[in-house]
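Read the structure below first, then the notes.
Chains as they are written, first to last, in our numbering: chain R, 706 to 1044; chain H, 5 to 322.
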């Protein structure tokens, strides 16, 4: 594997830790016996660059390909096509083959459900030491224990928690354990797949604060997958809005949130309830539900639910195009803003 | 006279380590045409108090109350047969997980029909007409085809519409929706909330909405009850609640919302966790997490002040 020419972050001059170009992942699904398998396009041509200390949020509803993107980025699955460059190294995976260990170390993932992602038969310390055992064989047992205790302290748990089992913790504490485990190998990138949506509001704020502290301290890059727009608005630097496996709008969070351009982004933002009874608003109403991936509609996948749809929309799938130097939108009805 | 009037409701669960108070001294009053939201975190007893009203709790639950009146009728004095006539007919409930609330072995038509058969009667043809009408009312496209669909053939949003069709099939006067949109996507959530409010207005129903989402509360409710660890900590009209929360818990909860935190660097948090069965503090249940707590709070259980319309459960309401 050779090092690639990487895009530079204009602000810091640093190299991108993840660079994705047209990442695509298709699944073959058997629908009935003897018929050829159908192709589900779970992820279509997602491209982005992510820099150290930055947060990229991926927003969309269930089935939009958010979690597929997480699986491709964490090298759990290889992309069907497209290029993934992590920390300057081009990732070339074969189906069913594990990625090189030193590369795997750089990207860690935290899942939505902290009840399902921790082994109930292992103590916290065992779980935290396990990645070190596999990846840092030169460390002694005492050194491993010391590092586990350091991390336990870092994520806001107490030393006596080290020898307890997952069932003895609350949801928020378990998510802290999952975060600690992900950080044991000093990764550069954390993929957070709905990390706070299973938590109560008062706990959610604690975990979000912890995540932003850790990001500052270790210079982590976050890929933050969420459907909760109020959380995303708070922590994201850049946003990708996905629909039906495709990015429909990408750009800096500040701009996408203040001026959503794609009709789906507008509908998504207006459907999100706002905690202010004085701002009850007329919603952009969406008809129907997302289409079935086994039976994609012709042309733009959003056209059947879109309030702006015209005849042209079903002629072809609109490409993701720049509307100004920062924002890209996949819609033929969004005007370009170049001079 | 209010449609539903509950006073001093206590629900305790028998567990191997003694009685666990899930709901303490809950008062719920709602009249027809009203929308009441009960909001709280997990374990605050918001579902349990409604299940107690419906009579759906398991045998390990001990339910006691001063008053439990539905339309002037004391629910606890009814025989179970009489009570079953009211539950599902006059008052009905929608649950959180539409996928697991429907029976996977029967078509949705059969399941709606069962409600009508139990409570309304009528010929098979009349019931089928009514079922088709209900499916159309809740916005299911092509009801003639969908009436023979099994639950697994429907999406989450469609299943929830079927649940709503079942719940409103006998024109209930009170509809209880227990986290009806938590399992759904936001664009579908918006559709379902609009549908519930529209049905509520058309039929002049009373609607009790149980939720943990402050956004949903702000957009739908008129009155709000805030629960914490099984106790009602305050009750206010929705605009007043968001503008001037009276209980420190409500205040802390509202300021933990990311969208209300403004440009602050860190989100305001509530330290600690909700007390469980074995670590219930003495005095006010919120005192270990409260930033205003004094020694008085740690020793004496608060009672709502007599002149306080919000009935704030706090020694020092804000």
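All C-beta atoms in this analysis are idealised placements derived from N, C-alpha and C, irrespective of residue type, glycine included.
{"Query": "Reference residue 988/R; option with closest CA among 825/R, 997/R, 969/R, 765/R", "Result": "969/R"}
{"Query": "Contact with chain R by residue 217/H, beta-carbon distance below 8 Å", "Result": "yes"}
{"Query": "Alpha carbon of residue 43/H to alpha carbon of residue 848/R, nearest angstrom", "Result": "47 Å"}
{"Query": "Contact with chain H by residue 932/R, beta-carbon distance below 8 Å", "Result": "yes"}
{"Query": "Between the CA atoms of residue 788/R and residue 706/R - distance to the nearest angstrom", "Result": "Only weak support exists for where residue 706/R lies, its pLDDT of 40 falling under 50; the coordinates are left without a value."}
{"Query": "Beta carbon of residue 967/R nearer than 8 Å to that of residue 944/R", "Result": "no"}
{"Query": "Backbone CA spacing between residue 284/H and residue 218/H [nearest angstrom]", "Result": "26 Å"}
{"Query": "Check: residue 305/H C-beta below 7 Å from any heavy atom of the ligand NAP", "Result": "Ligands in the displayed structure: none, and consequently the ligand NAP is not present."}
{"Query": "Terminal residues of the alpha helix (DSSP H) in which residue 921/R lies", "Result": "906-923"}
{"Query": "Residue 910/R at chain H interface by Cβ criterion, 8 Å", "Result": "yes"}
{"Query": "Local conformation of residue 58/H per DSSP, three classes", "Result": "helix"}
{"Query": "At least 3 beta-carbon pairs within less than 8 Å: the stretch 236-249 of chain H vs the stretch 70-82 of chain H", "Result": "no"}
{"Query": "Per-residue contacts from residue 86/H into chain R (C-beta, under 8 Å)", "Result": "The contacting residues do not exist; residue 86/H stays about 38 Å from chain R at best."}
{"Query": "Per-residue burial, residue 247/H [other beta carbons within 10 Å of its own, 16 or more giving buried]", "Result": "exposed"}
{"Query": "Residue from 973/R, 983/R, 984/R, 812/R with nearest C-alpha to residue 995/R", "Result": "973/R"}
{"Query": "Residue 981/R: contacting residues in chain H (beta-carbon distance under 7 Å)", "Result": "222, 246"}
{"Query": "Residue 215/H - DSSP class collapsed to helix/strand/coil", "Result": "strand"}
{"Query": "Partners in chain R for residue 257/H, counting only beta-carbon separations shorter than 8 Å", "Result": "906, 907"}
{"Query": "Cross-strand partners of residue 66/H (DSSP beta bridge)", "Result": "16/H"}
{"Query": "With 16 other Cβ atoms within 10 Å as the buried cut-off, status of residue 905/R", "Result": "buried"}
{"Query": "CB contact flag (residue 223/H, residue 258/H, <8 Å)", "Result": "no"}
{"Query": "Residue 678/R: contacting residues in chain H (beta-carbon distance under 9 Å)", "Result": "Past the edges of chain R, shown from 706 to 1044, lies residue 678/R, and the structure says nothing about it."}
{"Query": "Collapsed DSSP secondary structure at residue 108/H in the structure displayed", "Result": "coil"}
{"Query": "Residues of the stretch 884-897 of chain R with Cβ closer than 9 Å to any Cβ of chain H, in chain order", "Result": "none"}
{"Query": "Nearest residue (CA-CA) to residue 821/R, options 900/R, 746/R, 803/R, 838/R", "Result": "900/R"}
{"Query": "Residue 718/R versus residue 942/R: straight-line alpha-carbon distance, rounded", "Result": "For residue 718/R, the predicted structure reports a pLDDT of 49, less than 50, and the residue's modelled location is therefore unreliable. A value from the coordinates is still provided. Between residue 718/R and residue 942/R, the C-alpha separation is close to 17 Å."}
{"Query": "Residue range of the unbroken beta strand (DSSP E) whose run includes residue 182/H", "Result": "178-182"}
{"Query": "Chain H within 8 Å of residue 767/R, Cβ atoms only", "Result": "yes"}
{"Query": "Limits of the beta strand (DSSP E) - the one that residue 726/R falls within", "Result": "723-734"}
{"Query": "Contacts of residue 936/R in chain H (Cβ-Cβ under 8 Å)", "Result": "262"}
{"Query": "Within-8 Å CB hit, residue 45/H to chain R", "Result": "yes"}
{"Query": "Residue-level contact to chain R via CB, residue 189/H, 8 Å cutoff", "Result": "yes"}
{"Query": "Same chain only: Cβ atoms within 7 Å of residue 830/R, ignoring 5 sequence neighbours per side", "Result": "850, 853, 867, 868"}
{"Query": "Unbroken stretches of the alpha helix (DSSP H), 4 residues or longer, contained in the stretch 731-778 of chain R", "Result": "771-778"}
{"Query": "Cα-Cα separation between residue 61/H and residue 18/H, rounded to whole angstroms", "Result": "12 Å"}
{"Query": "Residue range of the alpha helix (DSSP H) that includes residue 947/R", "Result": "Note, residue 947/R: premise wrong, no alpha helix (DSSP H); beta strand (DSSP E) at 943-948."}
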